[in-house]
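What follows is one structure encoded as C-alpha cells, with my remarks underneath.
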Amino acid sequence: MNSSPDKIYDRGTVTQWLNGMVKPLQQRIATGAPAAIIGIRRGGVDVAQYLYTALRAQGTALDENMGQLNIAFYRDDFSSMGLHPVVGASDVPFDVTEKHIILVDDVLGTGRTVRAAMNEIFDYGRPAQITLAVLIQRTDHELPIRADVAGQILCTNPGEYIDWDADTLQVSVGAKS
Amino acid sequence: MSLPDPQFNAAGTLQHFIDLQGLDADTLTRILDTAEGFTGINDRKIKQVPLLRGKTVANLFFENSTRTRTAFELAAKRLSADILNIDLVTSSTSKGESLLDTLRVLESLQCDMFIVRHADSGAAHFIARHVAPHINIINGGDGQHSHPTQGMLDVFTIRRHKGDFSNLCVVIIGDIKHSRVARSDIAALTILGAGEVRVVGPKTLMPSDVESMNVKVFSSLDTALKGADVIISLRLQKERMKNATVPSSGEFYRTYGLSPQRLALAKPDALVMHPGPTNRGVEIAGSVADGAQSVILEQVTYGIAVRMAVMSIIMGNSDAMSASRISNNTTTTDAQL
Numbered sequence: 001m002n003s004s005p006d007k008i009y010d011r012g013t014v015t016q017w018l019n020g021m022v023k024p025l026q027q028r029i030a031t032g033a034p035a036a037i038i039g040i041r042r043g044g045v046d047v048a049q050y051l052y053t054a055l056r057a058q059g060t061a062l063d064e065n066m067g068q069l070n071i072a073f074y075r076d077d078f079s080s081m082g083l084h085p086v087v088g089a090s091d092v093p094f095d096v097t098e099k100h101i102i103l104v105d106d107v108l109g110t111g112r113t114v115r116a117a118m119n120e121i122f123d124y125g126r127p128a129q130i131t132l133a134v135l136i137q138r139t140d141h142e143l144p145i146r147a148d149v150a151g152q153i154l155c156t157n158p159g160e161y162i163d164w165d166a167d168t169l170q171v172s173v174g175a176k177s
Numbered sequence: 001m002s003l004p005d006p007q008f009n010a011a012g013t014l015q016h017f018i019d020l021q022g023l024d025a026d027t028l029t030r031i032l033d034t035a036e037g038f039t040g041i042n043d044r045k046i047k048q049v050p051l052l053r054g055k056t057v058a059n060l061f062f063e064n065s066t067r068t069r070t071a072f073e074l075a076a077k078r079l080s081a082d083i084l085n086i087d088l089v090t091s092s093t094s095k096g097e098s099l100l101d102t103l104r105v106l107e108s109l110q111c112d113m114f115i116v117r118h119a120d121s122g123a124a125h126f127i128a129r130h131v132a133p134h135i136n137i138i139n140g141g142d143g144q145h146s147h148p149t150q151g152m153l154d155v156f157t158i159r160r161h162k163g164d165f166s167n168l169c170v171v172i173i174g175d176i177k178h179s180r181v182a183r184s185d186i187a188a189l190t191i192l193g194a195g196e197v198r199v200v201g202p203k204t205l206m207p208s209d210v211e212s213m214n215v216k217v218f219s220s221l222d223t224a225l226k227g228a229d230v231i232i233s234l235r236l237q238k239e240r241m242k243n244a245t246v247p248s249s250g251e252f253y254r255t256y257g258l259s260p261q262r263l264a265l266a267k268p269d270a271l272v273m274h275p276g277p278t279n280r281g282v283e284i285a286g287s288v289a290d291g292a293q294s295v296i297l298e299q300v301t302y303g304i305a306v307r308m309a310v311m312s313i314i315m316g317n318s319d320a321m322s323a324s325r326i327s328n329n330t331t332t333t334d335a336q337l
C-alpha cells in the first residue's frame, strides 16, 4: 500500500483538466483522417469514455465505437516480472488502418505503457496518425514519449505515485512506500 | 514426508504444468482470464504477440498426436517463440538412448520449454524432476494419467458459454478408465467448484478408484443425461474393442452413444463437447457432433489461447525468478502465480 497522499486534487479541478482536453482534441480531429478513440486499460478507458462523451456531445466526428487495449502481452518487463495479471481482453471494434487514433491513458509516466500500446495498435493495422491524450503527464519519463494533449502536467519523481479515481474524479499524489 | 509438488519453483510460483491436481481455483482462474485475453488475437491482422520472442519451445512427442502437437506449435508461434518439433517415436529413443540422455541433448540445444507427450503415465513428472532448472515442462498428455491443457480448454469452453460453474451439471460419457482427458476434466471442474460431475459408461471402462474421484457414477446414460448442462463424450479407442473390453462399436453406440434422442434428455441448451478425434456412430452421432449444441470445433480454437496462457504464465514465472536472483533484490515480485 502507498502512504497517505501529500496532495489531493478535487473533482472540480480534475473536471477542468478533462474539459480542457476537449478543444485541442477537436482541433486535431478536424484536420486529420477519420478519428477513433482507444483507451488503455484500465484507467485510460475511463478517461477515454469521458472524452468520447464530451466530444460526441459537441458534434465532433468520431467513430461511434470506442476501443480498449490491455497491453499485458506487450509489456517490456516480461523477462523480469513475468506476465502481469490479465483482466479483460483488448477490443478494437473498428479497422485502425488509415484512421486517426486518439490513444488515451490516465497517467503518462515512464512512457513504456504507451510504447507497448502503439506496438499493439500496429498489430491491428496501420493507422494514419496517433494522437496521445492523457489526463496527467508526469515529468519523470524514461522514453522519448510525450502527450500531444495533456489535461495537466505534474512535476513528479519516480518515488512518487499518482492515483486517480474514475468514480470520484479525484487525483492524489504521494510518496510510494 | 511427501516430496514437494514439482510444478512449483523455489519462489513458490508455477514452473511446470503437469497435473491439475494440487493447483487451486485462483491458479486455474488466472489461466482462464489470461486465455480470454489471447482470444482477441484472432480478430487482428497480425495474429501474434511478442511475449516469448527469443524463446525456444520443443515439442517432445514420444507418442503420436497431430492435434495436440499442432495446437502447441501454433500457440508457441502466436507468442513469437521458436518451436522445434522432435518426433521421438521414430528417433533416438527407439535406438536405445535413455530418456535422460535424450533430455541432456535437448538441453544442450538451448531450449527453454519442453512440451512432453508420452504413452507412460508420469513421464512429464519424471522429466520435470530431472530437467535443468531453467526449463519449463508442459504435460501434453501422459498415459492414462493427465492431459492438463485439454482439461483447461474444456473448462474454458464451458466458462465462455455458461459463466459460473457452481450450478452446472456436467456429464462425462464413455471410457473413463483409460481417459486422461476425463481425469483432467474432473480435476478442473472439481477445483473450479462445478455443481455436479457425473460419469457414465460400461463397468469395464470405469476406473477402480472412481468412488474417490468426487463424481456421481451412473450406468444408465438416459438417467445420467437428465438435467445436464454440459455433455462431454470421450473417444472410444479401437484397441478397447480388440481386447473385448467392450463388445462392439454398434453395441457401444446402442448403450452409450450420444444420439439425437438421448441429447434431448439433457437441458435444451446443453453443450456437446468431445476432445476429438470423434468416432462418428460409435460414441457420438454425426448429427450431434455437427449439431447446433456442439462446441467441438470451438474447443479446438480455444485450445490455442489456453495453451498460450499456460506457456506465457509459467515461462514468465521462471524468468521473474531468475531475474530476482540476478538483481540480488530480496523483494519478491508481485502478482505471480
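In order, the protein sequence lines correspond to chains A and B.
Per our numbering, residue 1 is the first one in the first sequence, and the count goes up by one each step.
Per our numbering, residue 1 is the first one in the second sequence, and the count goes up by one each step.
Idealized CB from N, CA, C, for every residue including glycine.
The residues Leu192, Gly193, Ala194, in chain order, have a CB closer than 6 Å to that of phenylalanine 165 of chain B in the same chain once the five nearest residues on each side in sequence are set aside.
Residues of the region 76 to 90 of chain A with a C-beta less than 8 Å from any C-beta of chain B: Phe78, Ser79, Ser80, Met81, Gly82, Leu83, His84, Pro85, Val86, Val87, Gly88, Ala89, Ser90, listed in chain order. Histidine 130 of chain B is classed as exposed because its beta carbon has fewer than 16 other beta carbons within 10 Å across all chains shown. Using a Cβ-Cβ cut-off of 9 Å, threonine 56 of chain B is close to nothing in chain A; its nearest Cβ partner there is about 14 Å away. Put simply, the region 69 to 82 of chain B does not touch the region 98 to 106 of chain B. Fewer than three CB pairs are less than 8 Å apart. Residue pairing of cysteine 169 of chain B in beta bridges, as defined by DSSP: B/Glu196. When DSSP states are grouped into helix, strand and coil, methionine 321 of chain B belongs to the helix group. Residue B/Met273 holds the alpha-carbon nearest to the alpha-carbon of valine 288 of chain B among B/Met213, B/Thr157, B/Met273. Judged by beta-carbon spacing, glycine 201 of chain B lies within the 7 Å limit of isoleucine 176 of chain B, meaning their Cβ atoms are closer than that value. Phenylalanine 94 of chain A carries a coil assignment under DSSP once its states are collapsed to helix, strand and coil.
Excluding residues up to 5 positions away in sequence, Asp229, Gln293 lie with their Cβ nearer than 8 Å to the Cβ of aspartate 269 of chain B in the same chain. Under DSSP, asparagine 139 of chain B takes part in a beta bridge, and its partners are B/Val116. Restricting attention to beta strand (DSSP E) runs no shorter than 3 residues, the region 95 to 142 of chain A encloses them at 100 to 108, 129 to 138, ordered along the chain. Sequence-distant partners of isoleucine 145 of chain A (beyond 5 residues in either direction) whose C-beta falls short of 8 Å from its own C-beta, in its chain, are Leu108, Gly111, Val114, Arg115, Leu132.
Under the 7 Å criterion on CB atoms, threonine 157 of chain B is classed as non-interfacial with respect to chain A. In terms of CA proximity to leucine 18 of chain A, A/Val47 leads the group A/Ile8, A/Arg28, A/Val47, A/Phe94. Taking every protein chain shown into account, the CB of isoleucine 46 of chain B has fewer than 16 other CB atoms within 10 angstroms, so this residue is exposed. Less than 7 Å separates the beta-carbon of alanine 224 of chain B from that of valine 171 of chain B. With respect to arginine 41 of chain A, leucine 169 of chain A sits apart: the two C-beta atoms are not nearer than 7 Å. Per DSSP, the continuous beta strand (DSSP E) segment holding aspartate 165 of chain A begins and ends at 160 to 165.
Threonine 97 of chain A and glycine 32 of chain A have their C-alpha atoms some 13 Å from each other. Per DSSP, serine 3 of chain A lies in no beta strand (DSSP E) and is assigned neither H nor E.
Sequence-distant Cβ neighbours of proline 127 of chain A in its own chain, meaning closer than 6 Å and more than five residues away, are Val96, Lys99, Ile101. With respect to glutamate 283 of chain B, leucine 221 of chain B sits apart: the two C-beta atoms are not nearer than 7 Å. Taking glutamine 152 of chain A as the centre and dropping the five residues before and after it, the same chain places the C-beta of Trp17, Ile136 closer than 6 Å to its C-beta, in chain order. Per DSSP, isoleucine 37 of chain A is not a residue of any alpha helix (DSSP H); the beta strand (DSSP E) it occupies stretches across 35 to 40.
Nearest to glutamate 298 of chain B by C-alpha distance, out of B/Val310, B/Leu271, B/Gly316, is B/Leu271. In the structure shown, glycine 286 of chain B adopts helical secondary structure according to DSSP, grouped into three states. Straight across, the Cα-Cα distance linking threonine 60 of chain A with alanine 187 of chain B is about 53 Å.
Collapsing the DSSP output to three states places phenylalanine 62 of chain B in coil.
The beta carbon of alanine 320 of chain B sits closer than 7 Å to some beta carbon of chain A. By alpha-carbon distance to glycine 54 of chain B, the top candidate from A/Arg56, A/Phe78, A/Ile71, A/Leu51 is A/Phe78. Residue contact with chain A for arginine 44 of chain B: present (Cβ-Cβ distance below 7 Å to some residue of chain A). Against glycine 125 of chain A, the close residues of chain B are Lys45, in the order they occur along the chain (beta-carbon pairs closer than 7 Å).
As the crow flies, the alpha-carbon of proline 85 of chain A is around 11 Å from that of serine 312 of chain B.
Annotation: alanine 25 of chain B to isoleucine 162 of chain A spans about 33 Å, alpha carbon to alpha carbon.
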